[in-house]
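Taking full-length UniProt numbering, the leading residue of the sequence shown gets 1, the next gets one more, and so forth. No residue lacks a Cβ here, since even glycine has one placed at the ideal position from N, Cα and C.
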Amino acid sequence: MTPIESTDPPELTQPVRRGAGPAPVWPADASLLAALAPWMARRRWYPLKGGSSPEPRDLTLIGDRELAPGVRDLLVAVPRAGAPSVLVHVPLVLETGEALARYRVDGEAPGGEGLTVTGPDGAETSLIDGPHHPAFWRAWAQAVLEAGTILDGTGARAIAQRAERLRVITGEQSNTSVVLPAPASDRDAGGPEDAATGGLIVKLFRVLAPGRNPDVEVSVALAGDGWDRVPAPVAWSAFEWHDPATGARNSTDSAVACTFIPRADDGFELFCSLAADDDGPHGPVRARALALAADLGTTTAQMHRHLAAA
Numbered sequence: 001m002t003p004i005e006s007t008d009p010p011e012l013t014q015p016v017r018r019g020a021g022p023a024p025v026w027p028a029d030a031s032l033l034a035a036l037a038p039w040m041a042r043r044r045w046y047p048l049k050g051g052s053s054p055e056p057r058d059l060t061l062i063g064d065r066e067l068a069p070g071v072r073d074l075l076v077a078v079p080r081a082g083a084p085s086v087l088v089h090v091p092l093v094l095e096t097g098e099a100l101a102r103y104r105v106d107g108e109a110p111g112g113e114g115l116t117v118t119g120p121d122g123a124e125t126s127l128i129d130g131p132h133h134p135a136f137w138r139a140w141a142q143a144v145l146e147a148g149t150i151l152d153g154t155g156a157r158a159i160a161q162r163a164e165r166l167r168v169i170t171g172e173q174s175n176t177s178v179v180l181p182a183p184a185s186d187r188d189a190g191g192p193e194d195a196a197t198g199g200l201i202v203k204l205f206r207v208l209a210p211g212r213n214p215d216v217e218v219s220v221a222l223a224g225d226g227w228d229r230v231p232a233p234v235a236w237s238a239f240e241w242h243d244p245a246t247g248a249r250n251s252t253d254s255a256v257a258c259t260f261i262p263r264a265d266d267g268f269e270l271f272c273s274l275a276a277d278d279d280g281p282h283g284p285v286r287a288r289a290l291a292l293a294a295d296l297g298t299t300t301a302q303m304h305r306h307l308a309a310a
C-alpha cells in the first residue's frame, strides 16, 4: 500500500525533560561505538551469539538520523567473517548520568535500558535505549506523520500522546516491542486521539536488511485491501542508508505499530493442548479442535485471496 500524503503534521515532539545543570553532550562517534560494542553484545536481540564482543574499531556507523533534539536513530554495521556485515538498529536518547535508573524495567536483563558514558565535557551521560524512552516514541510518531507512512494519522498521534505510558516487553528475543495501552478513561488520555484509540503495540526491528520487511509489507497490504483478521497496522517507519561497500542507496522497514490484542492464545500451543486433552470422536474437546481447524483453513484461504487482490 502506498503511504498517504501528509500535509504539515502538528509538532508532536517535546524537549527531553532534564533537571538543572548543563545539558548532556553526545560523545564523539568513535567513543559512542566503543561504548555500544559491549553493550550490544549483551542484549538478547543481538544477532551474533556465542562469540566475543566486536572490536569497536571494526564497527561502522552507516546510518544516523536525528529525529529530535537529543534523539538519534542509529544503524551500526557489525562485521562477520566471510559474510556481509550485520546491520544493527540502535535508537538512543541523550540524558544526564543519573537518569538511567528511571528507565529500568522489571524482569529485563540488567543494562537493557541503556548505558552511561563520559561525555566530551567530562560529565557522565546516559544513553537510553530508544524504545525505553517516551521522547523516542514522540519523535518516531512525528517522523512517520511527516513521511506519510501511516494508514491515517490517528494512531501515530495517539502514540505521541500516550508515550509516557509505554511498557517494554521483556521476553522478546530478536526485536524490541513496546505496548502503548489505551487510557483507563478519557480523563487519563493525553489527547483526543489517545482517547479514541485502543491499545497499540510497536515492534522495533533490531536487525535490518535491504528491502521490505514481510511483517510490515504483508500486514499493510492486507489492511489496505480491507481484511480485518490480522492486527491492523497504524504506522510504520523506514530507514535509508548508503551501503559503504557499493555506495548504493538502500531502504528497509525499521518499526511498525499495530493494534494490540491482549490475552491472545498462541495457535500452536492451543492445538497442542487440545491434542493432549483429546476426548475421542464425540467429545467436546475434539469438537472444538475440529471447529478451530476449519476456521483456520477458512481464514488462511481468505488471506491468500486478499493478498492476491492487494
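- Non-local C-beta neighbours of L166 in its own chain, meaning closer than 7 angstroms and more than five positions away in sequence, comprise P134, W137, V178 and L180, ordered along the chain.
- Remark: C-beta atoms of G119 and P27 approach each other more closely than 8 angstroms.
- The bridge partners DSSP lists for D73 are R65 and P91.
- A direct Cα-Cα distance of roughly 27 angstroms separates S126 from D253.
- In chain order, I62, A248, R249 and N250 place their CB closer than 8 angstroms to the CB of H242, counting only its own chain and leaving out the 5 sequence neighbours on each side.
- Excluding residues up to 5 positions away in sequence, G111 lie with their Cβ nearer than 7 angstroms to the Cβ of R42 in the same chain.
- Boundaries of the beta strand (DSSP E) around A255: R249 to T259.
- Rounded to whole angstroms, the Cβ separation of V88 and V71 is 18 angstroms, and the two are not in contact under 8 angstroms.
- In the three-state scheme derived from DSSP, where H, G and I count as helix and E and B as strand, T176 is classed as strand.
- Take the alpha-carbon of A147 and the one of D188: they are about 29 angstroms apart.
- Beyond the five residues adjoining it in sequence on each side, P262 comes within less than 7 angstroms, by CB distance, of G199 in the same chain, given in chain order.
- For the pair A68 and A139, the CB atoms are nearer than the 8 angstroms cut-off.
- If you compare the alpha carbons of P79, D64, R65 and V25 with that of A37, the shortest gap goes to P79.
- When Q173, T300, V144 and A35 are compared, the shortest CA-CA separation from L92 is found for A35.
- The C-alpha of A293 is placed about 32 angstroms away from the C-alpha of A255.
- Within the same chain, T252 come within 7 angstroms of G211 by CB-CB distance, once the 5 residues on both sides are set aside.
- Buried is the label assigned to Q161, since at least 16 other Cβ atoms lie within 10 Å of its Cβ.
- Comparing alpha carbon positions, the residue from T96, D277 and S237 closest to A141 is S237.
- Nearest in C-alpha terms to S85, of all of D278, D186, E98 and L59, is L59.
- Straight-line measurement puts the Cα of D215 at about 36 angstroms from the Cα of G97.
- Non-local C-beta neighbours of L204 in its own chain, meaning closer than 8 angstroms and more than five positions away in sequence, comprise H89, P91, G130, P131, N175, T176, S177, V178, S254 and A255, ordered along the chain.
- In this model, P54 and E240 are separated by some 24 angstroms (Cα to Cα).
- The Cβ atoms of V168 and A156 lie no closer than 8 angstroms to each other.
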